[in-house]
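Participant:
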Amino acid sequence: MKQELLRTPVPFVAASGYAQTHAWVHALQQAMPDERIVAFDELSELEKQLVTVAIVANPDPANLQQMPALRWVHSVWAGVERLVADLGQSHLKIVRLVDPQLAETMAEAVLAWTLFLHRNMPAYAQQQKCSQWLPLEYVRPQSKTVSLLGLGALGEAAVKRLLAAGFQVCGWSRSQKHIAGVDCFSGESGLSEMLARTSILVCLLPLTPDTKGLLNAARLAQLPKGASLINFARGAIVSDADLQAALDCRHLQHAVLDVFETEPLPAASWHWQHPQVTVLPHISAPTDKQTASAIVAGNIRRYRDEGRLPVLVDVGRGY
Ligand code: NAP
Numbered sequence: 012m013k014q015e016l017l018r019t020p021v022p023f024v025a026a027s028g029y030a031q032t033h034a035w036v037h038a039l040q041q042a043m044p045d046e047r048i049v050a051f052d053e054l055s056e057l058e059k060q061l062v063t064v065a066i067v068a069n070p071d072p073a074n075l076q077q078m079p080a081l082r083w084v085h086s087v088w089a090g091v092e093r094l095v096a097d098l099g100q101s102h103l104k105i106v107r108l109v110d111p112q113l114a115e116t117m118a119e120a121v122l123a124w125t126l127f128l129h130r131n132m133p134a135y136a137q138q139q140k141c142s143q144w145l146p147l148e149y150v151r152p153q154s155k156t157v158s159l160l161g162l163g164a165l166g167e168a169a170v171k172r173l174l175a176a177g178f179q180v181c182g183w184s185r186s187q188k189h190i191a192g193v194d195c196f197s198g199e200s201g202l203s204e205m206l207a208r209t210s211i212l213v214c215l216l217p218l219t220p221d222t223k224g225l226l227n228a229a230r231l232a233q234l235p236k237g238a239s240l241i242n243f244a245r246g247a248i249v250s251d252a253d254l255q256a257a258l259d260c261r262h263l264q265h266a267v268l269d270v271f272e273t274e275p276l277p278a279a280s281w282h283w284q285h286p287q288v289t290v291l292p293h294i295s296a297p298t299d300k301q302t303a304s305a306i307v308a309g310n311i312r313r314y315r316d317e318g319r320l321p322v323l324v325d326v327g328r329g330y
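In this text, residue positions in the sequence shown follow the working numbering: the first is 12, and each later residue adds one.
Here you go:
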């Protein structure tokens with residue numbers, strides 16, 4: 012019997028009732044023909060005792076606890092705040108998805124919605140509702156500054172597209188970065204400096220104890236009057252009440268929101284009807300099952316062959 016056939020299966024562990032489990036198991040199996048990928052519910056009791064690595068999508072921690080030999084979990088999402096909250100105190104190591112395709116998809120979304128704001132599409136949509144023919148002044152992208160909160164895997168890819176489109180680009184990260192053509196900032200004073208010169212602010216930060224509520228009234232007030240916000244990261248990074256107030260008083264011109272504290276966004280939420288808000292249903296960068304499965308496969312192969320774990324999530328930092 013081939014050595015691979017003796018290996019314990021790799022379970023895919025998702026929230027109960029997750030509709031995409033079968034599709035994920037199929038994509039992962041295609042990418043890993045030498046492994047046996049099974050939905051968690053299909054593991055035998057003996058297999059549960061032997062499993063050392065699991066692939067996860069919002070797993071129920073109680074299911075992970077049923078696998079005593081489990082060493083690490085590989086998330087198929089880039090954002091891992093929930094895993095960190097659920098598993099941060101346990102011995103389990105967490106690996107998140109870092110997929111160049113995901114970064115390109117997000118960069119495309121950042122460019123698309125930046126151009127949406129840059130070319131005044133929200134204003135023209137309102138004008139059309141009132142049969143109003145009113146050309147607004149054209150401002151060149153070179154005269155606008157797009158600032159990114161977060162210069163990680165997604166932020167760096169977005170930077171390239173924004174520079175190519177002609178915008179001035181700034182970025183803020185925890186550690187100081189040096190990226191050609193980008194004014195990079197770090198720290199609290201760096202954030203203030205960056206916000207003060209921003210036309211369009213794009214949030215691509217992870218949700219951590221440090222970033223929760225980061226965009227509050229005081230920081231939104233540091234943006235110039237008429238600036239706009241794109242939040243493609245996590246809803247809780249922005250103080251919702253402070254955002255509403257900043258929009259209502261027209262300090263902020265518009266907000267494109269793809270992420271919310273409660274998803275799906277409840278029907279009664281103020282965002283739906285607000286004329287200065289564009290609501291998106293968490294679609295800025297969906298995971299591509301095929302490319303993500305290839306990344307996961309490579310990481311599991313290196314673990315099997317060389318005992319090497321991929322770069323781990325730092326649970327202390329929260330990302
Ligand atoms: P990443 O590679 O870990 O990058 C995170 C960036 O944020 C890094 O530059 C990091 O600084 C910076 N950062 C973290 N904490 C900070 C703090 N307290 N102060 C200043 N900067 C801080 O993450 P990523 O892969 O780019 O993903 C970012 C987030 O996007 C994910 O966590 C997820 O929530 C979200 N996301 C959303 C969607 C969607 O469809 N809406 C899809 C995928 C991901 P350092 O470089 O110094 O570490």
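Each residue gets a CB set at the ideal place from its N, CA and C atoms; glycine is no exception.
#1: Under 8 Å, do T302 and Q40 count as touching if we go by C-beta distance?
#2: Using the DSSP secondary-structure output, state which residues sit across from V288 in a beta bridge.
#3: Does the beta-carbon distance from T168 to M117 come in below 8 Å?
#4: Would you call the CB atoms of P306 and L108 closer than 8 Å?
#5: Can you tell me which of H265, S200 and G224 puts its alpha carbon nearest to the alpha carbon of K236?
#6: Note down, in chain order, each residue of its chain lying with its Cβ closer than 6 Å to the Cβ of V324, except the 5 sequence neighbours on either side.
#7: Give the single residue among P220, T222, L218 and L159 whose Cα lies nearest to the Cα of R208.
#8: Please name the residue or residues paired with Q179 in a DSSP beta bridge.
#9: With DSSP collapsed to three states, give me the class of V307.
#10: How long is the line joining the alpha carbons of Q287 and S203, rounded to whole angstroms?
#11: Taking the straight line between their C-alpha atoms, what separation do you get for E274 and C214?
#12: Assuming S197 and W183 form a contact by the criterion Cβ under 8 Å, report the distance between their Cβ atoms to the nearest whole angstrom.
#13: Would you give the residue range spanned by the beta strand (DSSP E) that N242 belongs to?
#14: Please say whether L218 and I248 have beta carbons closer to each other than 8 Å?
#15: Applying the criterion that 16 or more other CB atoms from any shown protein chain within 10 Å of the CB defines a buried residue, is N310 buried or exposed?
#16: Pick helix, strand or coil for I248, following the three-state DSSP scheme.
#17: Check each candidate in L94, T289, S142 and Q137 and name the one with the smallest Cα separation from Y330.
#18: Which two residues bound the contiguous alpha helix (DSSP H) that contains A96?
#19: Identify the continuous beta strand (DSSP E) that holds L212 and give its terminal residues.
#20: Take V24 and list the residues in its own chain whose beta-carbon comes closer than 6 Å to its own, dropping the five residues that flank it on each side.
Facilitator: The structure says:
#1: Cβ distance not < 8 Å, so T302 and Q40 don't count as in contact.
#2: V288 pairs with A266.
#3: Reading the sequence as shown, one finds Ala at residue 168 and not Thr. The criterion of a C-beta distance shorter than 8 Å is satisfied by A168 and M117.
#4: The residue asked about is misnamed: residue 306 is Ile in this sequence, not Pro. With respect to L108, I306 sits close: the two C-beta atoms are nearer than 8 Å.
#5: Measuring from the Cα of K236, the nearest candidate turns out to be H265.
#6: The answer, listed in chain order, is V91, I105 and R107.
#7: If we check each option's Cα against that of R208, L159 comes out closest.
#8: Under DSSP, Q179 takes part in a beta bridge, and its partners are T156.
#9: Three-state result, V307: helix.
#10: Roughly 24 Å between the two C-alpha positions.
#11: In a straight line, the C-alpha of E274 is about 18 Å away from that of C214.
#12: At roughly 7 Å, the Cβ-Cβ gap stays under 8 Å, so S197 and W183 are in contact.
#13: Bounds of the beta strand (DSSP E) holding N242 are A238 to N242.
#14: Yes, these two residues count as a Cβ contact at 8 Å.
#15: Buried is the call here.
#16: Note: I248 maps to helix in three-state DSSP.
#17: Taking Y330 as reference, the option from L94, T289, S142 and Q137 with the minimal CA-CA separation is L94.
#18: For A96, the enclosing alpha helix (DSSP H) has its first and last residue at E92 to L98.
#19: Start and end: I211 to C214.
#20: F51, A65, V67, P70 and N74.
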